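Undergrad: Protein chains in written order, with my numbering: chain A, 15 to 181; chain B, 40 to 117. Beta carbons are placed, not taken as given, at the ideal position from N, Cα and C, and that holds for glycine. Since this is a predicted model, take the numbers as computed values, not measurements.
1. Within the same chain, show all residues whose beta-carbon is closer than 8 Å to that of residue 103 of chain A, passing over the 5 residues directly before and after it, in chain order.
2. Per DSSP, what kind of secondary structure is residue 96 of chain A in: helix, strand or coil?
3. Name the residue from B:70, B:101, B:57, B:87 whose alpha carbon lies nearest to the alpha carbon of residue 44 of chain B.
4. Over what stretch of residues does the alpha helix (DSSP H) that includes residue 73 of chain B continue unbroken?
5. Residue 100 of chain B: which of A:101, A:70, A:148, A:161 sits nearest, CA to CA?
6. Thinking C-beta only, is residue 132 of chain A closer than 8 Å to residue 54 of chain B?
7. Measure how close the beta-carbons of residue 123 of chain A and residue 49 of chain B come, nearest whole angstrom, since I'm counting them as under 8 Å.
8. Could you give the DSSP three-state label for residue 56 of chain B: helix, strand or coil?
9. Do the stretch 61-73 of chain A and the stretch 51-66 of chain B touch if we need at least three Cβ pairs shorter than 8 Å?
10. Can you tell me where the alpha helix (DSSP H) with residue 162 of chain A in it begins and where it stops?
11. If residue 96 of chain A sits next to residue 60 of chain B, beta carbons under 8 Å apart, how far is it from one beta carbon to the other, in whole angstroms?
12. Residues of chain B with a CB under 8 Å from the CB of residue 151 of chain A: which are they?
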């Protein structure tokens with residue numbers, strides 16, 4: 015059982031980190047079973063996370079990516095976790111889109127889309143060449159920084175003097 | 040003019056975040072809150088932007104990154 019001695023902090027194999035900790039607590043009784051069924055247990059973890067995040071999404075309307083990426087990254091590598099989130103989010107937004115078009119400000123949406131088309135290649139290049147460990151840390155940092163800023167904005171409220179007029 | 044640049048900038052940050060960490064919402068939500076957008080407009084803008092940016096990200100990921108299975112195949116316990 016070489017895997018028992020593997021370091022928990024081995025960032026390249028997030029699935030291994032979860033499994034090693036689990037096997038060592040359950041003990042030798044289940045070790046053989048766990049080794050045989052490790053692939054399906056990863057799938058079960060992913061499915062449970064997706065179900066929980068989708069429940070939050072239906073309640074609030076957003077927050078799927080923020081909730082699911084944090085848990086996905088424990089089970090699979092960052093590129094795969096990001097792709098899973100992108101695929102599920104695309105499907106979710108297709109479901110929620112009808113009925114929203116009336117409230118949209120077209121000029122605002124157009125500029126946001128143009129900006130995002132400029133920004134997408136940057137993220138793609140970074141993801142393609144960055145170390146998986148760095149991307150995992152970046153995911154955590156992004157969530158912490160954005161939630162901090164969001165809290166600050168909520169407490170402060172829209173400032174009359176520096177408020178950005180829409181579109 | 041200043042607001043147009045700010046909108047483009049927040050779109051760019053959101054696009055980068057989508058491709059890199061899969062989260063499109065936070066930058067845009069902060070921008071909309073700072074701009075003092077009314078809740079229905081903010082909600083409609085967010086959700087329709089999600090539709091566009093995630094579809095674009097899915098397309099570009101398929102082309103540029105592909106699905107690298109090497110870490111998953113190796114499994115954890117061997």
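TA: Taking the coordinates as given:
1. The count along the first chain starts at 1 and reaches residue 103 of chain A at position 89. Short of 8 Å from the beta carbon of residue 103 of chain A, and not among the five residues preceding or following it, lie these beta carbons of its own chain, in chain order: 78, 79.
2. Within the first chain, the letter at position 82 stands for residue 96 of chain A. In the three-state scheme derived from DSSP, where H, G and I count as helix and E and B as strand, residue 96 of chain A is classed as helix.
3. In the second chain, the residue the question calls residue 44 of chain B occupies position 5. Per the Cα distances, B:70.
4. Counted from its first residue, the second chain places residue 73 of chain B at position 34. Where residue 73 of chain B is concerned, the enclosing alpha helix (DSSP H) stretches over 64-74.
5. On the second chain, residue 100 of chain B is found 61 positions in, with the first residue counted as 1. Residue A:101 is the option with its Cα nearest to residue 100 of chain B.
6. Working through the second chain from its first residue, we reach residue 54 of chain B at position 15. Working through the first chain from its first residue, we reach residue 132 of chain A at position 118. For the pair residue 54 of chain B and residue 132 of chain A, the CB atoms are nearer than the 8 Å cut-off.
7. The residue labelled residue 123 of chain A in the question sits at position 109 within the first chain. The residue labelled residue 49 of chain B in the question sits at position 10 within the second chain. About 12 Å separates the Cβ atoms of residue 123 of chain A and residue 49 of chain B, ruling out a contact at the 8 Å cut-off.
8. Looking up residue 56 of chain B in the second chain gives position 17. If DSSP states are grouped into helix, strand and coil, residue 56 of chain B belongs with the helices.
9. The stretch 61-73 of chain A vs the stretch 51-66 of chain B: no contact.
10. By 1-based counting over the first chain, the position of residue 162 of chain A is 148. Per DSSP, residue 162 of chain A belongs to the alpha helix (DSSP H) from 146-170.
11. Against the first chain, residue 96 of chain A aligns to sequence position 82. Against the second chain, residue 60 of chain B aligns to sequence position 21. With a Cβ gap of about 6 Å, residue 96 of chain A and residue 60 of chain B count as contacting.
12. Counting from 1 along the first chain, the entry for residue 151 of chain A is found at position 137. When 8 Å is used as the limit between beta carbons, residue 151 of chain A is near no residue of chain B, the shortest such separation being about 11 Å.
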